[in-house]
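Enquirer: Right, I'll just put the structure down here and ask away after.
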Amino acid sequence: LVGMRGTQPGKIALADDWVLLAIITGDDAVYCYRIDREHDTWTCTAVLRTRLVRSVTCLAFRPCMTQSWMLAAGCERGLALWTADAQSAGAAGPAPRSAETAQASVAHAPLYVCFQLLEAWGHHHVSSVAWSADGHMLASSTCSDSAVLVWQVGAGSYQAHYRIRGGVEHLCWSPSLEDAGVLLSIAHRGSVVRIWSTNPDGEWVSTAWDRPRLDPDLLAWHVKVQVGRDSHRRHYLIGADFTKSLLWCW
2 LVGMRGTQPG KIALADDWVL LAIITGDDAV YCYRIDREHD TWTCTAVLRT
52 RLVRSVTCLA FRPCMTQSWM LAAGCERGLA LWTADAQSAG AAGPAPRSAE
102 TAQASVAHAP LYVCFQLLEA WGHHHVSSVA WSADGHMLAS STCSDSAVLV
152 WQVGAGSYQA HYRIRGGVEH LCWSPSLEDA GVLLSIAHRG SVVRIWSTNP
202 DGEWVSTAWD RPRLDPDLLA WHVKVQVGRD SHRRHYLIGA DFTKSLLWCW
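Per the working numbering, residue 2 is the first one in the sequence shown, and the count goes up by one each step.
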């Protein structure tokens with residue numbers, strides 16, 4: 002990839018349609034690329050940078066978006082959100098609904114980009130962000146705070162869930178749209194795996210598995226749907242605890 006001008010690349014995020022790519026750099030900028038499938042090349046379309054965003058650690062594109070894109074980034078102060086719309090380039094779009102706003106620098110393409118900073122008391126140095134499969138919910142966590150926050154992005158509000166001690170290192174949602182409200186969280190150092198879901202009354206409930214030293218970087222979640230007279234969904238969670246592979250089914 003070109004356009005990064007000698008800075009060291011860090012973590013990346015890939016959109017669900019495999020068209021967009023975002024890369025964190027060492028100077029807390031986020032470089033966004035779009036693929037040209039005809040020529041099989043990636044072009045830098047935007048460089049996202051603002052003085053309010055420092056120590057960027059993780060990225061996630063919002064799924065199920067067509068004409069625009071939204072990128073969430075965990076940073077020192079909380080959650081940074083960038084929304085880009087090529088069709089609104091040059092237009093005066095709606096103001097973000099956050100108390101803190103800033104203008105991101107955009108390069109190489111006529112994109113209109115709106116920036117929003119989401120903050121919560123004690124929720125700093127965000128280490129993991131994850132969108133639900135339908136794109137309606139955004140979860141964030143830190144290694145120093147025991148809360149998992151589930152955000153309603155449009156309103157800038159959140160629900161806090163406390164069930165893990167010592168911070169949360171990794172989050173991921175069910176990949177199935179039928180189970181889009183099922184969230185998995187892994188405690189710091191992989192000591193506890195907890196599955197969150199909503200009951201028929203809309204309340205969040207959870208179950209925990211004690212699994213010392215689970216490696217969050219070696220984790221995959223697959224959902225198999227069987228249709229017919231005995232239709233059902235079966236979840237497969239594959240991971241490792243630094244010594245052996247593990248498989249959970251439910």
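Beta carbons are placed, not taken as given, at the ideal position from N, Cα and C, and that holds for glycine.
(1) With C-beta atoms as the reference, is LEU53 less than 7 Å away from LEU118?
(2) Nearest-angstrom Cα distance between SER177 and SER198?
(3) Give the secondary structure of GLU170 by DSSP, where H, G and I count as helix, E and B as strand, and everything else as coil.
(4) Quick one: what does DSSP say LEU21 is sitting in, helix, strand or coil?
(5) Give the list of continuous beta strand (DSSP E) stretches no shorter than 3 residues that lie fully inside the region 50 to 86.
(6) Report the partner residues of LYS225 according to the DSSP bridge assignment.
(7) Comparing C-alpha positions only, which one of ALA209, ALA241, SER158 and ASP37 sits nearest to MET138?
(8) Would you decide whether ALA105 is buried or exposed? Buried here means 16 or more other CB atoms lie within 10 Å of its CB.
(9) Helix, strand or coil: which one does DSSP assign to ALA93?
(10) Report back the beta-carbon spacing between HIS171 and ASP146 to the nearest angstrom; my notes put them in contact at under 8 Å.
(11) When the Cα of ARG195 is compared with those of GLN153, VAL206 and GLU120, which residue comes out closest?
(12) Looking at the structure shown, is ASP180 part of a helix, part of a strand, or coil, going by DSSP?
(13) Apart from the five residues just before and just after ALA148, which ones in its own chain have a Cβ nearer than 6 Å to its Cβ?
Expert: The answer reads as follows:
(1) yes
(2) 13 Å
(3) strand
(4) strand
(5) 59 to 62, 69 to 75 and 80 to 86
(6) ARG235
(7) SER158
(8) Since pLDDT at ALA105 reaches only 45, below the 50 mark, its modelled position is unreliable, and no value is offered.
(9) Below a pLDDT of 50, predicted positions are generally treated as unreliable, and ALA93, at 40, falls in that range; the measurement from the model is reported next regardless. Reduced to three states, the DSSP call for ALA93 is coil.
(10) No, HIS171 and ASP146 are not in contact; Cβ-Cβ is about 14 Å, not under 8 Å.
(11) VAL206
(12) helix
(13) ALA161 and TYR163
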